[in-house]
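Each remark here refers to the structure printed beneath this line.
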Amino acid sequence: NHQLLQKSSSTSVKTYSIAVPYALLQKLDKARRDRGVDSRIFHRVVLHCARTLNDKQRLRLPDEYRSLIQNKYEELELKR
3 NHQLLQKSSS TSVKTYSIAV PYALLQKLDK ARRDRGVDSR IFHRVVLHCA
53 RTLNDKQRLR LPDEYRSLIQ NKYEELELKR
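The sequence shown lines up with residues 3 to 82 when you count with my numbering.
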């Protein structure tokens, strides 16, 4: 039993590496609602998400943000 516990804890994926921070989703919603999709602030939040979120987190984003953030991420990768 002890060996099983050790094995399961070493291979498990940490929740924080998959879960999208709720505060980030709130920032996206607020910027889009208050300033609009074309605003500079909204684009800054999208850029921040593209830089900080990993692949699994980007996949879990709501549809309306996923493509925007994925495109921005790919732009950043091309620049590197």
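Where a beta carbon is used, it is the ideal one built from N, C-alpha and C, also for glycine.
Do residue i and residue j have their C-beta atoms closer together than 9 Å?
| i | j | result |
| --- | --- | --- |
| Thr54 | Leu26 | yes |
| Ile71 | Leu80 | no |
Measure the beta-carbon distance from residue i to residue j and round it to whole angstroms, keeping in mind my assumption that it falls under 8 Å.
| i | j | result |
| --- | --- | --- |
| Lys58 | Ile20 | 5 Å |
Using a Cβ-Cβ cut-off of 8 Å (strictly less than) and excluding sequence neighbours within five positions of residue i, which residues of its own chain qualify?
| i | result |
| --- | --- |
| Gly38 | Phe44 |
| Val22 | Leu55, Gln59, Arg62, Leu63 |
Can you list, in chain order, the residues of its chain whose CB lies under 6 Å from that of residue i, leaving out five sequence neighbours each side?
| i | result |
| --- | --- |
| Ala33 | Ile43, Phe44, Val47 |
The alpha helix (DSSP H) that contains residue i, what's its start and end?
| i | result |
| --- | --- |
| Ala52 | 42-54 |
| Arg62 | Arg62 -> no alpha helix (DSSP H), and no H or E assigned at all. |
| Ala25 | 24-37 |
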